[in-house]
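Student:
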Amino acid sequence: MNIILLGPPGAGKGTQASQLEDERGMVQLSTGDMLRAAVAAGSEVGMRAKRVMEAGGLVSDAIVTGILSARLDEEDARAGFILDGYPRTTAQAGALDALLAEKGMRLDHVIELVVDEEALVERITGRFTCASCGEGYHDRFKQPAAEGVCDVCGSAEFARRPDDNAETVRTRMAEYRAKTEPILPHYEALGLVRHVDGMADIAEVNDAIETILDGKPRG
Ligand code: AP5
Ligand code: MG
Numbered sequence: 080m081n082i083i084l085l086g087p088p089g090a091g092k093g094t095q096a097s098q099l100e101d102e103r104g105m106v107q108l109s110t111g112d113m114l115r116a117a118v119a120a121g122s123e124v125g126m127r128a129k130r131v132m133e134a135g136g137l138v139s140d141a142i143v144t145g146i147l148s149a150r151l152d153e154e155d156a157r158a159g160f161i162l163d164g165y166p167r168t169t170a171q172a173g174a175l176d177a178l179l180a181e182k183g184m185r186l187d188h189v190i191e192l193v194v195d196e197e198a199l200v201e202r203i204t205g206r207f208t209c210a211s212c213g214e215g216y217h218d219r220f221k222q223p224a225a226e227g228v229c230d231v232c233g234s235a236e237f238a239r240r241p242d243d244n245a246e247t248v249r250t251r252m253a254e255y256r257a258k259t260e261p262i263l264p265h266y267e268a269l270g271l272v273r274h275v276d277g278m279a280d281i282a283e284v285n286d287a288i289e290t291i292l293d294g295k296p297r298g
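Plus 79 on top of the position in the sequence shown (first one is 1) and you've got this note's numbering.
1) Three or more C-beta pairs closer than 8 Å, one from the segment 153–172 and one from the segment 80–100: is that the case here?
2) How long is the line joining the alpha carbons of T204 and F237, rounded to whole angstroms?
3) Buried or exposed: which applies to G298, given that a residue is buried once 16 or more other Cβ atoms fall within 10 Å of its Cβ?
4) Nearest by alpha-carbon distance to S211: which of R219, V228 and F220 is it?
5) Please report the distance separating the alpha-carbon of S234 from that of C209.
6) Between V106 and chain D, is the shortest Cβ-Cβ distance under 8 Å, so that the two count as touching?
7) Residues around the ligand MG, please: the ones whose beta-carbon is closer than 7 Å to some heavy atom of it, in chain order.
8) What number of angstroms, rounded off, separates the C-alpha of V248 from the C-alpha of V200?
9) Would you report the Cα separation of T168 and M278, rounded to the nearest angstrom?
10) Less than 7 Å between the CB of P88 and some heavy atom of the ligand AP5, yes or no?
11) Below 8 Å, can you find three or more Cβ-Cβ pairs linking the segment 249–258 to the segment 125–144?
12) With DSSP collapsed to three states, give me the class of V231.
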């Protein structure tokens, strides 16, 4: 099963994708994570992406499609993937159609997390991750069980994203509305879009997605 998780910054794409990885053995393909890894590695792609990401803009379609295409060629993607943060423009949606056709893959669902934008600023500014294993947390909504210690790996080092401030979040949301929302009709025309209430608790959102994935696969 191959799906796209769609939704504005802070909608819960990464949170839900990582739960689906654990529960179903699907692989999370987050272009944001891939770009952050390139920035951390200081590669040419990373150097070109860094400033754009920190300002809340979108990295060029060619760069992002290039890294996603290479990632789809890795063996684990054949077990089923969750696209988290791609496609984000109509050009990327077209490029994805071509990539999937070329690689003999197809999409089963496009799941839109429907959220209230005002609540997202709090979600994003409260977000932090384990610096060692990447597990995601939130100051209010998902604290580690023991304060200051990662539930998964026991590390005491945590990190916050440089683009997770109130000002940049507004730019990222505006980019989503202007460039990403317009891709929905393309998938609606293909009958692939399902809507999930992204304002519910993390576990309830997960249940709603699982119910969709457990439904009858496309003929
Ligand atoms: P990316 O990393 O994709 O960021 P984003 O789309 O802005 O989304 P986020 O990761 O901020 O949110 P999320 O939906 O994953 O939320 P999360 O689950 O963490 O992209 C970053 C940048 O990279 C872009 O701005 C762009 O520059 C570039 N880029 C990436 N892909 C690109 C592309 N295809 N083309 C061009 N440029 C690209 O949840 C947020 C917080 O809320 C967490 O703390 C979580 O614990 C909490 N939370 C989650 N769900 C709930 C819930 N139901 N209730 C309460 N709290 C919740
Ligand atoms: Mg994310």
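Glycine included, each C-beta is placed from N, C-alpha and C at the ideal position.
As the structure is a computational prediction, the values presented were derived from the model and not from experiment.
Tutor: This is what the structure gives:
1) Cβ pair count under 8 Å is three or more, so yes.
2) Distance between the alpha carbons of T204 and F237 is about 14 Å.
3) Unreliable positioning characterises G298 in this predicted model, as indicated by a pLDDT of 45, which lies under 50. The coordinate reading is nonetheless provided below. Within 10 angstroms of the beta-carbon of G298 lie fewer than 16 other beta-carbons, which makes it exposed.
4) Comparing Cα positions, the closest option is V228.
5) Distance between the alpha carbons of S234 and C209: 7 Å.
6) The structure shown contains no chain D; it holds only a single protein chain.
7) Cβ atoms closer than 7 Å to the ligand MG belong to K92, G93, S109, G111, D163 and G164.
8) Near 7 Å, if we compare the C-alpha coordinates of V200 and V248.
9) Cα-Cα distance, rounded: 24 Å.
10) Relative to the ligand AP5, the nearest heavy atom lies less than 7 Å away from the CB of P88.
11) Under the Cβ criterion (8 Å, minimum of three pairs), the segment 249–258 counts as touching the segment 125–144.
12) If DSSP states are grouped into helix, strand and coil, V231 belongs with coil.
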